[in-house]
Amino acid sequence: MSPSSDANGTNGTSDDDPHPDGWEPRDPTLADPAPPRRPRRVLRTLFGLLLLGGLLLVGGFAAGYLLVEIPPANAAAVAQSNVYLYRDGTPLARDGEVNRESVRLDQIPLPVQQAVLAAEERDFQTSRAVDPKAMVRAAWNTVTGKGRQSGSTITQQYVKNYYLGQEQTLTRKAKEFFIALKLGREKSKEEILQGYLNTSYFGRNAYGVQAAARAYYGKDVHQLDTAEGAYLASLLKAPSAYDVTTHPENRAKAVARWHYVLDGMVGEGWLSPAARTAARFPVPQTARATSALSGQRGYLVQAVEEYLTDHGIVDEKTLAGGGFRITTTLEPAKQEALVQAVEDRVVSRLDPANAPADRYVRVGAAAVDPSNGKVLAMYGGIDYTQQYVNNATRRDYQVGSTFKPFVFTAAVQNGAQTQQGRPITPYTVYDGTNRRPVEGWNGDPYDPANEDDASYGDINVGAATGLSVNTVYAQMAVDVGPAHVRRTAIALGLPRSTPDLTASPSIALGSATASVLDMATAYATLAAHGRNGTYSLVESISRGGRELELPAVARRQAVSREAADTTTSVLRGVVETGTGTAAQAAGRPAAGKTGTAEDDKAAWFAGYTPELATVVALMGQDPESGAQEPLYGALGQPRMNGGGAPAEIWARFTREALDGTPPQDFELRLMPGAEPMPSAPPTPDGSTPPDEPDSPDGPDGSEDWYETGEAGPGATTRSPAPGPGPSRDTGQ
670 MSPSSDANGT
680 NGTSDDDPHP
690 DGWEPRDPTL
700 ADPAPPRRPR
710 RVLRTLFGLL
720 LLGGLLLVGG
730 FAAGYLLVEI
740 PPANAAAVAQ
750 SNVYLYRDGT
760 PLARDGEVNR
770 ESVRLDQIPL
780 PVQQAVLAAE
790 ERDFQTSRAV
800 DPKAMVRAAW
810 NTVTGKGRQS
820 GSTITQQYVK
830 NYYLGQEQTL
840 TRKAKEFFIA
850 LKLGREKSKE
860 EILQGYLNTS
870 YFGRNAYGVQ
880 AAARAYYGKD
890 VHQLDTAEGA
900 YLASLLKAPS
910 AYDVTTHPEN
920 RAKAVARWHY
930 VLDGMVGEGW
940 LSPAARTAAR
950 FPVPQTARAT
960 SALSGQRGYL
970 VQAVEEYLTD
980 HGIVDEKTLA
990 GGGFRITTTL
1000 EPAKQEALVQ
1010 AVEDRVVSRL
1020 DPANAPADRY
1030 VRVGAAAVDP
1040 SNGKVLAMYG
1050 GIDYTQQYVN
1060 NATRRDYQVG
1070 STFKPFVFTA
1080 AVQNGAQTQQ
1090 GRPITPYTVY
1100 DGTNRRPVEG
1110 WNGDPYDPAN
1120 EDDASYGDIN
1130 VGAATGLSVN
1140 TVYAQMAVDV
1150 GPAHVRRTAI
1160 ALGLPRSTPD
1170 LTASPSIALG
1180 SATASVLDMA
1190 TAYATLAAHG
1200 RNGTYSLVES
1210 ISRGGRELEL
1220 PAVARRQAVS
1230 REAADTTTSV
1240 LRGVVETGTG
1250 TAAQAAGRPA
1260 AGKTGTAEDD
1270 KAAWFAGYTP
1280 ELATVVALMG
1290 QDPESGAQEP
1300 LYGALGQPRM
1310 NGGGAPAEIW
1320 ARFTREALDG
1330 TPPQDFELRL
1340 MPGAEPMPSA
1350 PPTPDGSTPP
1360 DEPDSPDGPD
1370 GSEDWYETGE
1380 AGPGATTRSP
1390 APGPGPSRDT
1400 GQ
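In my numbering, the protein residues as written are 670 to 1401.
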């Protein structure tokens, strides 16, 4: 009997069991799954597509390798000149011919070769001609916003320099890839490195390391030492930006790059640590321009080139290749008027033989159309062939008190209040006592000095602006919030990268080193009722008959109209009765602010009419050492201030530039509480109150007076308006 049988010999079933033989029904809810045909079909399809893609990739690679030939040298190898035109199409300048001279690799010192490899590709001798991983990584960094990356090997860069061009297209990149592969198989590493060193652009119109050695150090390449070679290698990343004589404000970045190169040489065993420690930064010689760029032409060309490259319109190497026709926004009549104004008010008065400080005087100026941000005129220096640095675009001199209007604009824009909770308006009273510590600041104690240590007691904002009272504006910056002040200055037009634009109380005193052009852009925003857009120096650019696209300049409301216009109303007082009265010679309604850098190393006047914003600066610089120097005694004046020669240049230029156009008055929309103060009511007998002058002059007939109380009843306290003596402006 089987184990499953019961005592009657059955198999465990009964007669009434409807399912004999132990059969059990299948649960109808548990049906067999269908065969996995669909997922298998999808997998087969994907596999087929991957296989097809792989075959196409291999086929494309093979076709590209077979079809792309190594071409002859590109047109840039015999570069042309660029032509620059004024806005009306008249000639401005034509840049010089390209400076290039090829040398053999054995004429280039080994340390110089190694410095270039340390800067660009340290494993060049053992690496392949192309690096796909680096190319993918560079493309990813570019797409994800980490900055444009090249990912190119030295071989690829040589191909781009000599055989192709600098344009950023997929077609060019594909050609570069295949030509580099072929070149890597057909030429030795030494031949490729020699070609790269002879075709790379080093700035100063120099192609190749031999031309660079002459341009930067006045010697042949075989005479370069390791430190000099490391500096030239540093230039390959950003030639113009790392030229420390052209852009002294970028010296720190250039020196850091130089250190990077030397450290790389030590890491590769090409330079001993002892030699590395002994190395000193080799300051290059001052750049020399061709006679074709003499006078103002070189400064204008330099500014236009920087505009094109900084805005990504043309990269530096392509522009240096030449062949471009560039129409600028500059107007010849206004350009001539600016040059003549500087000549009359400064250059003709210099007497370096009898006044040593006159040797230090440098002038920079720029004029911007507030309605569209176009630069109409620029003055860069005495002569581009004598003084290479453009004083209109350099960013290494403090702007002084010309920054103070940005603090007041920020106050209105942000609805700021004093520490006592009073709204900040032109009539808000502050304590102008000298060395008064700022209140409400959590950082280090700060107690700025006023010019000549003058104390003013209670004084309203309007009068404090005319007198440029440092203690008032340092406190106002804290009341507004230094970070808000910084954001407002940037919104008006100062670059975020402006050196020393630090969110601290000292920001109010103009420690930032914005350029003349930066400041002209910001003041143009105030003149345009708070509307701002990127300044423009180029109307059109073409090459070979093909127009290049220029970036759209979108005008936006940077600050409210009330904030800009109320600032304008305060700055009109500076011109009418303050430190900028010399600007009245323009013969038009005007607003402006004077400024003086620490130790009188620079003096500024920034001003505008409704039609034109212009900034003028005098700077002190030793012509031999390049060091900043005080201007005490320059132009026969014991001290230099913005209300002197800078304001005089401004007035002369503005009068000539706008000659023939009817004067326009400002149409201002002021913040609440900023309306002009009403006169005090007459006494019952009809006479003027004792403290109310009968005329705009003070009681002694010698000076204007300002009310210093808050807007509203009881605001009768008065203080003298800006005048001679302690009212001289300062940026300390």
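Think of the CB as a built atom: it goes at the ideal place given N, C-alpha and C, for glycine as much as any other residue.
Item, Value
"Cα-Cα separation between Pro1039 and Asp1234, rounded to whole angstroms", "14 angstroms"
"Chain-order list of residues whose beta-carbon lies under 7 angstroms from that of Leu1337 (same chain, five-residue window excluded)", "Asp1234, Thr1237, Ser1238"
"Through-space distance from Ala882 to Glu1267, alpha-carbon basis", "37 angstroms"
"Collapsed DSSP secondary structure at Ile1210 in the structure displayed", "strand"
"Distance between beta carbons of Pro1168 and Thr1182, contact taken as under 8 angstroms", "5 angstroms"
"Lys1073 - DSSP class collapsed to helix/strand/coil", "helix"
"Top-ranked residue by Cα proximity to Gln1144, from Pro760, Gly872, Asn1119", "Asn1119"
"Minimum C-alpha distance to Gln1306 - residue among Gly967, Val1030, Tyr976, Ala910", "Val1030"
"Residue nearest to Pro1331 in terms of C-alpha spacing, selected from Ala1314, Pro1345, Pro1279, Gly1342", "Pro1279"
"Candidates Ala989, Gly964, Arg1018: closest to Met1047 by CA position", "Gly964"
"Glu789 versus Leu940: straight-line alpha-carbon distance, rounded", "16 angstroms"
"Residues bridged to Arg763 [DSSP beta-bridge criterion]", "Val752"
"Burial state of His916 (16 or more Cβ within 10 Å)", "buried"
"At least 3 beta-carbon pairs within less than 8 angstroms: the segment 1043-1061 vs the segment 935-953", "no"
"The segment 1141-1157 / the segment 1084-1097 touching (three or more Cβ pairs under 8 angstroms)", "yes"
"Same chain, Cβ closer than 6 angstroms to Met1340, neighbours up to 5 away in sequence not counted", "Val1081, Glu1231, Thr1235"
"Where Val1068 sits in the DSSP three-state scheme", "coil"
"Supposed close pair Val1076, Tyr1142 - CB separation, criterion 8 angstroms", "6 angstroms"
"Cross-strand partners of Asp1127 (DSSP beta bridge)", "Asp1100"
"Beta-carbon proximity list for Gly877, same chain, < 8 angstroms, skipping 5 on both sides", "Arg769, Glu770, Ser771, Val772, Leu866, Asn867, Thr868, Ser869, Phe871"
"Proximity to Ala1296 [Cα-Cα], best of Thr914, Thr1157, Glu860", "Thr914"
"Pro1299 beta carbon less than 8 angstroms from that of Phe1274", "no"
"Beta carbon of Tyr1115 nearer than 8 angstroms to that of Pro1106", "yes"
"Residue from Gly853, Val752, Leu1327, Thr1265 whose Cα sits closest to the Cα of Ser1070", "Thr1265"
"Proximity winner among Pro1001, Gly1131, Ala1221, Gly1329, relative to Leu1240 (alpha-carbon distances)", "Gly1131"
"Length-filtered (3 minimum) beta strand (DSSP E) runs lying within the segment 1260-1292", "1260-1265, 1271-1277, 1282-1289"
"Distance, Arg1257 Cα to Arg1324 Cα", "8 angstroms"
"Ala1271 vs Gln1067 beta-carbon contact at 8 angstroms", "yes"
"Check whether Arg1014 and Pro1021 have beta carbons under 8 angstroms apart", "no"
"contact_flag[the segment 967-974, the segment 1279-1293] where n(CB pairs < 8 angstroms) is 3 or more", "no"
"Sequence-distant residues of the same chain with beta carbon closer than 6 angstroms to Gln1004, five excluded per side", "Ala1046"
"Bounding residues of the beta strand (DSSP E) (the contiguous stretch that carries Leu904)", "Here Leu904 belongs to no beta strand (DSSP E); instead the alpha helix (DSSP H) covers 895-904."
"Ala1266 beta carbon near the ligand GDP (any heavy atom closer than 7 angstroms)", "By its list of ligands, the structure shown contains no ligand whatsoever, and the ligand GDP lies outside what it can speak to."
"Nonlocal neighbours in the same chain, by C-beta distance under 6 angstroms from Val1154, ignoring five residues either side", "Val1076, Ala1079, Ala1146, Ile1176"
"Unbroken alpha helix (DSSP H) run spanning Gly936, endpoints", "920-936"
"Boundaries (first-last residue) of the beta strand (DSSP E) holding Met1340", "Unbroken run through Met1340: none, as it is neither H nor E."
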